[in-house]
Ligand code: PBG
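Numbering (the working numbering), first residue to last: 32 to 381.
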């Protein structure tokens, strides 16, 4: 520091101390951001983001049988429903304003194989459920999951050979699965498998069969995440060996998410998704700035379980934490949120 600078600093310091002595009362402040936080009415007027029931997609688990619902131990308050009780749940939530459900099946182990053949049985659990739901509540949007893991004896999203997950052979099965779902009446198919090229292959096949209005919600930036644990409990679908890191994304990567989104858009995706949501809000934000397509976020099972567990202990206020968490996803840029809290939130927002 030059001597001139140090003299100037000393003078400044002297001024500050003398002014604080002579003027002990109010410093004039030009900007007082608290003015806009003074009342709830004001806060509502300047609120930048909103959470609406229309933004929510309700994931539901369906199982074989009749008259039963089983609570998922690691997801308290979430159930696997037999079709009759699933229909009751759908009839209950649609009038609350929930416009869309995402269906996931619990497949009995004896129907599973390495190629996931049950996934394209047109009389399987999912196609039957879709037909029944569309008949009971025609206006609710039915989104079906396109992936092999609930049907795979290996618990992987693709066909396994010598410990590796085959890509193109898996895509051929996914195409058959998507066609069966479209034929059953699915409004949107949602490939969650992360095989390369599956969105394009599914779009091409749907169009060729005349299903031009069936949409694709692409799980574009889906990370290999430990937050999926409770979901795999729900469907009994944990991988039998290894992990999903050769097809799902590395948690450390952001630019790669943009690459995956670009590919899915080029291949015909209508909506792109980031999954999980909470630990990936930066990815949601970047993707929102990158594309004009609607962006969805999946508030996954582990995120649900953490809130439920802490709330059960009395350590957090569940309702407030849920609303704050979902709002953070909207603020990051999500247009749509898949969340197991959808029904709770619909009731809170009534
Ligand atoms: C698999 C799939 C998973 C989820 C949705 N689809 C799990 C996985 O990739 O292993 C997880 C959803 C959740 O955790 O709530 N295709």
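Glycine residues also receive a C-beta, built at the ideal position from the N, C-alpha and C atoms.
Cβ-Cβ distances below 7 Å link residue 369 to 88, 90, 133, 327, 329 and 330 in the same chain, with the five nearest sequence neighbours on each side left out; the list follows chain order. With fewer than 16 other Cβ atoms from the protein chains shown falling within 10 Å of its own Cβ, residue 57 counts as exposed.
Per DSSP, residue 108 lies in no alpha helix (DSSP H) segment; the continuous beta strand (DSSP E) that holds it begins and ends at 106-113. Under the Cβ criterion (8 Å, minimum of three pairs), the region 106-114 counts as touching the region 256-274.
If you look at residue 261, you'll find it in the alpha helix (DSSP H) that goes 260-266. Rounded to the nearest whole angstrom, the CA to CA distance from residue 242 to residue 181 is 25 Å. Partner residues in the beta bridge of residue 192, as assigned by DSSP, are 195. The shortest CA-to-CA distance from residue 301 to any of 277, 200 and 174 is the one to 174. Going by beta carbons, residue 98 and residue 118 fall outside the 8 Å limit. Inter-segment contact for the region 243-258 and the region 293-307 is present: three or more beta-carbon pairs are separated by less than 8 Å.
Short of 6 Å from the beta carbon of residue 256, and not among the five residues preceding or following it, lie these beta carbons of its own chain, in chain order: 307.
Residue ranges of uninterrupted alpha helix (DSSP H) with 4 or more members, entirely inside the region 277-364 and ordered along the chain, are 286-298, 312-321, 332-343 and 349-363.
In the three-state reduction of the DSSP assignment, residue 71 falls in the helix class. Comparing C-alpha distances from residue 228 to each of 371, 170 and 294 shows the shortest one belongs to 294.
When DSSP states are grouped into helix, strand and coil, residue 233 belongs to the helix group. Residue state for residue 219 is assigned as strand, using DSSP reduced to three classes. Straight-line measurement puts the Cα of residue 147 at about 35 Å from the Cα of residue 364. Checking the 7 Å criterion, the Cβ of residue 311 is out of range of every heavy atom belonging to the ligand PBG. Judged by DSSP secondary structure, residue 176 falls within the beta strand (DSSP E) whose first and last residues are 172-177.
Following the DSSP letters along the chain, one finds residue 93 inside the beta strand (DSSP E) bounded by residues 87-94.
Taking C-beta atoms as the reference points, residue 144 and residue 189 fail to come closer than 8 Å. Here DSSP, grouped into helix, strand and coil, assigns residue 103 to strand. About 7 Å separates the Cβ atoms of residue 374 and residue 129, confirming a contact at the 8 Å cut-off.
When the Cα atoms are used, residue 232 and residue 149 turn out to be separated by approximately 20 Å. In the DSSP annotation of this structure, the continuous segment of the alpha helix (DSSP H) that includes residue 156 starts and ends at 156-167.
Take the alpha-carbon of residue 351 and the one of residue 289: they are about 32 Å apart. Remark: the C-beta of residue 188 is in contact range of the ligand PBG, defined as less than 7 Å to any heavy atom. The closest CA to that of residue 321, considering only 333, 291 and 342, is found on 291. With contacts defined by Cβ atoms closer than 8 Å, residue 161 and residue 203 do not form a contacting pair. Residue pairing by DSSP places residue 132 opposite 89 and 173 in a beta bridge.
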